Amino acid sequence: MGAVVGPIAPRDGSERYAAGDVADEPFARLGEAERAALLARLSAGLSHETRNSLNSLAIHLEVLADKIREPDGRIPAALERNLKAARAQIRRMDELVRRFAEFASGRREDGEVHQLALDAAELCAFQLRRAGTTLSLEIPAGLRVGGESGFVCRILVEVLLACAAPGSLRLEAAREDGIVWLGVVLEAEDDVGPPLELLALAERLGGGLDRLEGSVERWAMRIPLGAGIVGR
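Shown next, in the form of structure tokens:
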């Protein structure tokens, strides 16, 4: 990921993100568990309501297709293209809702890191575009983590949101000594130091945040994602 100049110390008041007292840890974990439970319930309700609407839309679309059929049963070519595009968007939205529900439920399933990164990028696409962040993925296909797909997707979403700032962001992944590591390289347009959210995430995950040498603001972080799976 480049030559490392040295660790970045928290600044601009970001020391508040440093690890707190050990006595506070059970309460912090309880808060995380409560948020995860709320997210799971929210996603279940959202999935149910959204899929009901999508099913209704799909039914009405097929009714409309029957109404515009010609006497010989064919649909005009111009309208057929519109129908195919509408059906494809309904399937795409249904798949996105399903992935979000899986992500929020935290189910312990094996997952391919590249696909999980694509899912996370799709979930965060609006925030990244609004922030002016250019994302690139350098994650080999077939790299899998065992029983940690929900955890990995949550980490990926947190990383993307923490790095939502003007500049470029690159995610890498590799398997080393049986562990899958996520590499994060952020190159910012403004010389204002690393985002506070990224500092907090590095502190919490124990990944460490290092500044890379060069004429622009560049930082790198490595995060362990879980045990790698071979032969799947």
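In this note's numbering, the protein residues as written are 1270 to 1501. Backbone N, C-alpha and C fix where the C-beta goes; we use that ideal spot for every residue, glycine too. Because the structure is a prediction, the values reported are computed rather than measured.
Kindly give me the distance between the Cβ atoms of P1215 and A1386, rounded to whole angstroms, as I take these residues to be in contact under 8 Å. There is simply no residue 1215 to check, as the chain begins at 1270 and stops at 1501 in what is shown.
Can you name the residues that DSSP bridges to R1439? Within the sequence shown, residue 1439 is the residue found at index 170, counting from 1. Beta bridge pairing from DSSP links R1439 with S1405, V1454.
Among S1316, L1412, L1397, R1338, which one has its Cα closest to the Cα of L1365? Counting from 1 along the sequence shown, the entry for residue 1365 is found at position 96. Answer by Cα proximity: S1316.
Measuring only the C-alpha atoms, how far is A1389 from G1342? Residue mapping note: residue 1389 aligns to position 120 of the sequence shown, counting from 1. Residue mapping note: residue 1342 aligns to position 73 of the sequence shown, counting from 1. One Cα belongs to A1389, the other to G1342, and the distance between them is close to 42 Å.
For F1395, count neighbouring C-beta atoms within 10 Å of its own C-beta (all shown protein chains included) and say buried if the count is 16 or more, exposed if not. Here residue 1395 corresponds to residue number 126 of the sequence shown, with the count starting at 1. F1395 should be labelled exposed.
Same chain, Cβ closer than 8 Å to I1359, neighbours up to 5 away in sequence not counted: Against the sequence shown, residue 1359 aligns to sequence position 90. The answer, listed in chain order, is L1323, L1326, A1327, L1330.
Just to confirm before moving on: does the CB-CB distance between A1471 and M1490 stay below 7 Å? The count along the sequence shown starts at 1 and reaches residue 1471 at position 202. The count along the sequence shown starts at 1 and reaches residue 1490 at position 221. Yes, the Cβ-Cβ distance between A1471 and M1490 is below 7 Å.
Comparing alpha-carbon positions, which option in E1466, A1433, E1441, D1335 lies nearest A1457? Position 188 of the sequence shown, counting from 1, holds the residue named residue 1457. When each option's Cα is compared against that of A1457, the closest is A1433.
Since I believe V1421 is in contact with V1428 (beta carbons under 8 Å), could you give me their beta-carbon distance rounded to a whole number of angstroms? Position 159 of the sequence shown, counted from the first residue, corresponds to residue 1428. Position 152 of the sequence shown, counted from the first residue, corresponds to residue 1421. With a Cβ gap of about 11 Å, V1428 and V1421 do not count as contacting.
E1441 and E1407: beta carbons closer than 7 Å? Numbered from its first residue, the sequence shown carries residue 1441 at position 172. Numbered from its first residue, the sequence shown carries residue 1407 at position 138. Yes, Cβ-Cβ distance for E1441 and E1407 is below 7 Å.
What is the rounded straight-line gap between the Cα of L1348 and the Cα of G1447? In the sequence shown, residue 1348 corresponds to position 79, counting from 1. In the sequence shown, residue 1447 corresponds to position 178, counting from 1. Those two C-alpha atoms are separated by around 53 Å.
If you measure between the beta carbons of L1425 and L1438, is that distance less than 7 Å? Position 156 of the sequence shown, counted from the first residue, corresponds to residue 1425. Position 169 of the sequence shown, counted from the first residue, corresponds to residue 1438. Cβ atoms of L1425 and L1438: not closer than 7 Å.
Is the Cβ-Cβ distance between L1352 and A1370 less than 7 Å? Position 83 of the sequence shown, counting from 1, holds the residue named residue 1352. Position 101 of the sequence shown, counting from 1, holds the residue named residue 1370. Cβ distance not < 7 Å, so L1352 and A1370 don't count as in contact.
In this structure, how does DSSP classify R1444 when only helix, strand and coil are distinguished? Taking the sequence shown and counting its residues from 1, the one referred to as residue 1444 is at position 175. Note: R1444 maps to strand in three-state DSSP.
Using the beta-carbon count (16 or more within 10 Å), is G1380 buried or exposed? The residue you call residue 1380 lines up with position 111 of the sequence shown. Looking at its Cβ environment, which holds 16 or more other Cβ atoms inside 10 Å, G1380 is buried.
Own chain partners of S1405 with C-beta closer than 6 Å, once the 5 adjacent residues on each side are dropped: What you label residue 1405 is simply residue 136 of the sequence shown in a count that begins at 1. The answer, listed in chain order, is R1439.
When A1443, G1419, E1391 are compared against L1430, the one with the closest alpha-carbon: Counting from 1 along the sequence shown, the entry for residue 1430 is found at position 161. Ranking the options by Cα distance to L1430, first place goes to E1391.
First and last residue of the uninterrupted alpha helix (DSSP H) at R1399: By 1-based counting over the sequence shown, the position of residue 1399 is 130. Counting along the chain, the alpha helix (DSSP H) containing R1399 begins and ends at 1394-1400.
If I measure Cβ to Cβ from E1339 and keep anything under 8 Å in the same chain, skipping five residues before and after, which residues do I get? As a working mapping, residue 1339 is identified with position 70 in the sequence shown. Excluding positions up to five away in sequence, the list reads P1345.
Pairwise C-alpha distance: V1382 and L1465: Along the sequence shown, one-based indexing puts residue 1465 at 196. Along the sequence shown, one-based indexing puts residue 1382 at 113. Between L1465 and V1382, the C-alpha separation is close to 26 Å.
How long is the line joining the alpha carbons of R1298 and K1336, rounded to whole angstroms? Sequence index remark: in the sequence shown, residue 1298 carries index 29 (1-based). Sequence index remark: in the sequence shown, residue 1336 carries index 67 (1-based). Below a pLDDT of 50, predicted positions are generally treated as unreliable, and R1298, at 48, falls in that range; no measurement from the model is reported.
Using the three-state DSSP reduction, which class does D1539 fall into: helix, strand or coil? The structure shown does not extend to residue 1539, since the chain is modelled only from 1270 through 1501, so no value can be given for it.
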